[in-house]
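As numbered in this note's numbering, residues 64 to 363 make up the sequence shown, in order.
Ideal Cβ placement from N, Cα and C applies to all residues, glycine included.
To keep things clear, I will list the structure first and then write my remarks on it.
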Amino acid sequence: MDKSKLTDWSLVQSFLAVAEAGSLSAAARQLSRSQPTLGRHIQSLETSLNQQLFDRHPRGLQLSAAGTALLPMAREMQQQMYRLSLQAAGQSEALAGTVRITASVFAAHYLLPPILAEIRAAEPKIELELVPTDSSENLLFRAADIALRMYRPNQLEVITQHIADLPLGIFAAKSYFDQHGRPTTAAELWEHDLVGYDSNDLIIRTMQTMGWQVDRAKFAVRCDNQATYWQLVRAGCGIGFCQSEVARADNSVEEIDLGIEIPSLPVWLTAHGAMRETPRIRRVWTLLAQALKKHAKSAA
64 MDKSKLTDWS LVQSFLAVAE AGSLSAAARQ LSRSQPTLGR HIQSLETSLN
114 QQLFDRHPRG LQLSAAGTAL LPMAREMQQQ MYRLSLQAAG QSEALAGTVR
164 ITASVFAAHY LLPPILAEIR AAEPKIELEL VPTDSSENLL FRAADIALRM
214 YRPNQLEVIT QHIADLPLGI FAAKSYFDQH GRPTTAAELW EHDLVGYDSN
264 DLIIRTMQTM GWQVDRAKFA VRCDNQATYW QLVRAGCGIG FCQSEVARAD
314 NSVEEIDLGI EIPSLPVWLT AHGAMRETPR IRRVWTLLAQ ALKKHAKSAA
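Right, here's the structure in full:
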């Protein structure tokens, strides 16, 4: 495969989209282009390379041997183009434009809205986009400009900073406690229904490091989505764990102190190295860090 013939990025971009989506229609939706346009791009690239890149099937397109050989080169070109766009975007000196922030569903729902309102009031020329997701977004591909994480990211080419530690507490709905009573010791906790995670073993591992031999069967109700998890606690499904500041603001729940020292939740901010010093991103980063530190301090 002659790499020197890969000179038109739009053709390569269409090739990658079709290779990943498996059909022209799905790739067209992904790129917000028309299906005929993608068809012409694939045909033009095949003509330029004198190779058939896809085998046509009734249910879609499948990479041919030539297409499979081209794929690593195309992905390398994609990474170089993204790096170029990152570098170019990072040259902007204006304290205006869009900053895209990603965070967990729980943080996006309960933690960030008042903070983003403060940022908007402070910098009305900066537009904010919030991406709630529990999956790790790839900052290299501009899935976000700033990522809020509850763990230290290890992705290459990023700058990361530990901002604060958020205290966690033990909570349940007042209705649950009124019906089942309130445990006063750690031993009594196990006599109650507990809300835990499903496939995520974070709570189990944390408890095991504290000397409690538990497994997922100890939790009567389980859910990995943390926003939904909190709604299960609020509804009275059992006793659970939550960020203290968020839970204490909810009048439907009650906190119990069992003398258990629960490890805090670390908060990290992460941005791509090429974008971190862009004025608008640096400004939003600073305001986020200040607000998160204030939030953690008030929860302590």
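| query | At which residue ranges does the segment 93-130 contain complete beta strand (DSSP E) runs of 3 or more residues, listed in the order of the chain? | reply | Taking only runs of at least 3 residues, the beta strand (DSSP E) segments lying wholly in the segment 93-130 are 117-120 and 123-126.
| query | How would you call D65, buried or exposed, if buried means at least 16 neighbouring beta carbons within 10 angstroms? | reply | With a pLDDT of 45 at D65, under the threshold of 50, the modelled position of this residue cannot be trusted; read the value that follows with caution. D65 comes out exposed.
| Alpha carbon of R212 to alpha carbon of F169, nearest angstrom | 11 Å
| request: Have a look at the DSSP bridge pairing and note the partners of I369. | output: It is not possible to answer for residue 369, since the shown part of the chain is limited to 64 through 363.
| message | Here's a check: name, in chain order, each residue in its chain whose Cβ is nearer than 6 Å to the Cβ of A171, leaving out the five neighbours to either side. | response | These residues qualify, in order along the chain: L193 and P195.
| query | Just checking, does the segment 325-333 make contact with the segment 286-296 on the three C-beta pairs under 8 Å criterion? | reply | no
| How big is the Cα-Cα spacing for Q141 and G130? | Answer to the nearest angstrom: the Cα atoms are 15 Å apart.
| task | Could you name the residues of the same chain whose beta carbon sits closer than 7 Å to that of P326, not counting the 5 residues immediately before and after it, in chain order? | result | T269
| said: Only counting the same chain, and skipping five residues up and downstream in sequence, which positions put a Cβ closer than 8 Å to that of D261? | reply: For D261, same chain residues with a beta-carbon under 8 Å away, outside a window of 5 residues either side, are R279, R285, C286 and D287 in chain order.
| message | Rounded to the nearest angstrom, what separates A310 and F234 at their Cα positions? | response | 8 Å
| DSSP state of F78, grouped into three classes? | helix
| Where does V347 sit, in a helix, a strand or coil, going by DSSP? | helix
| field | Cβ separation of L231 and C300, assumed to be a contact under 8 Å, to the nearest whole Å | value | About 18 Å separates the CB atoms of L231 and C300; that is not less than 8 Å, and the two are not in contact.
| field | Where D241 falls: helix, strand or coil (DSSP) | value | Helix at D241.
| query | Sorted by chain position, which residues of the same chain lie with C-beta nearer than 6 Å to E190's C-beta, five sequence neighbours on each side aside? | reply | T161
| field | Pairwise C-alpha distance: L179 and K188 | value | 13 Å
| request: Find out if the Cβ-Cβ distance for the pair L158, F78 is shorter than 9 Å. | output: No.
| Whole-angstrom distance between A352 and A166, CA atom to CA atom | 14 Å
| request: Using the Cα positions of A250 and A227, report the straight-line distance between them to the nearest angstrom. | output: Taking the CA atoms as reference points, A250 sits about 31 Å from A227.
| request: Please report how far the alpha carbon of G102 lies from the alpha carbon of V75, in whole angstroms. | output: Straight across, the Cα-Cα distance linking G102 with V75 is about 12 Å.
| field | Chain-order list of residues whose beta-carbon lies under 8 Å from that of A185 (same chain, five-residue window excluded) | value | L350, listed in sequence order.
| query | Straight-line CA distance for Y173 to A354? | reply | Going by the C-alpha atoms only, they are around 14 Å apart.
| query | With distances taken between CB atoms, is the gap from V277 to A236 smaller than 9 Å? | reply | It is not a contact, given that the beta carbons lie outside the stated cut-off.
| said: Please report the straight-line C-alpha distance between D208 and I344, rounded to a whole angstrom. | reply: One C-alpha to the other measures close to 7 Å.
| I323 (DSSP reduced to helix, strand or coil) | coil
| So what's E254 in DSSP terms, helix, strand or just coil? | coil
| Which residues in the same chain as K68 place their Cβ atom closer than 7 Å to its Cβ, once the five residues preceding and following it in sequence are excluded? | Below a pLDDT of 50, predicted positions are generally treated as unreliable, and K68, at 48, falls in that range; no measurement from the model is reported.
| query | For the candidate residues T247, L175 and D71, whose alpha-carbon lies nearest to that of A137? | reply | A137 has its Cα closest to that of D71, out of T247, L175 and D71.
| task | With a threshold of 16 other CB atoms inside 10 Å of the CB of G244, please say whether the residue is buried or exposed. | result | exposed
| Taking buried to mean at least 16 other C-beta atoms within 10 Å of its own C-beta, is W253 buried or exposed? | An exposed status is given to W253, since fewer than 16 other beta-carbon atoms sit within 10 Å of its beta-carbon.
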